[in-house]
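*Asks:* Following this message is one structure expressed as structure tokens.
Numbering (our numbering), first residue to last: 254 to 413.
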């Protein structure tokens, strides 16, 4: 084999490998875009979510729904700000997720300040404490499910 033929073969192999890598990179880049475009679910960020129910894995607790006068909402702003209405109180804080453009993934919520108005007793008073224990989210059938760590339960929210 002449040196020219060997060099030409090496160039062809290099070109083949590089084009394969370019195709693989292009496929990876567009997969996420197609996934986001195909989803008809509400977005995690920028949507105001209203609490529908808390579902506990413990039979003694079961499912708890807010009464009509109890309004619990959260909004996760794109800049990482968390805004919450917690019955008769309001809260602000921060949130992070590496999965903001997905319909499921990990999330961390951190309420930093909550007003302390005296609300009527509610079985959902724990919402403000539980938000710090949320570890994952799923958006399914138009609802946001915030899952507590260690099978602690599931807060179900709907777009307001």
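Heads up, the beta-carbon is just placed ideally off N, CA and C, and yes, glycines get one too.
Bear in mind that the values here come from a model prediction, so they are computed numbers and not experimental data.
Over the uninterrupted beta strand (DSSP E) stretch that includes residue 407, give me the two end residues.
*Replies:* Residue 407 -> beta strand (DSSP E) spans 407-412.
*Asks:* Residue ranges of each beta strand (DSSP E) run of no fewer than 3 residues wholly in the stretch 307-388, ordered along the chain?
*Replies:* For the stretch 307-388, whole beta strand (DSSP E) runs of length 3 or above, ordered along the chain, are 325-329, 334-339, 342-349, 357-359, 361-367.
*Asks:* Hey, quick one: how far does the beta strand (DSSP E) through residue 296 stretch, first residue to last?
*Replies:* Neither: residue 296 is in no beta strand (DSSP E) and is coded neither H nor E.
*Asks:* Do residue 299 and residue 332 come within 8 Å of each other at the CB atom, strictly closer than that value?
*Replies:* Not a contact, by the Cβ cut-off of 8 Å.
*Asks:* Any contact between the stretch 383-399 and the stretch 353-365? By contact I mean 3 or more CB pairs, one from each, below 8 Å.
*Replies:* Yes, they touch.
*Asks:* Hey, residue 340 and residue 375 are a contact pair by Cβ (cut 8 Å); roughly how many whole angstroms apart?
*Replies:* That belief holds up - the Cβ atoms of residue 340 and residue 375 are roughly 6 Å apart, short of 8 Å.
*Asks:* Pull the bridge partners of residue 391 from the DSSP assignment, please.
*Replies:* In the DSSP output, where bridge partners are listed per residue, residue 391 has 357, 398.
*Asks:* Is the separation between the beta-carbon of residue 319 and that of residue 364 shorter than 8 Å?
*Replies:* It is not a contact, given that the beta carbons lie outside the stated cut-off.
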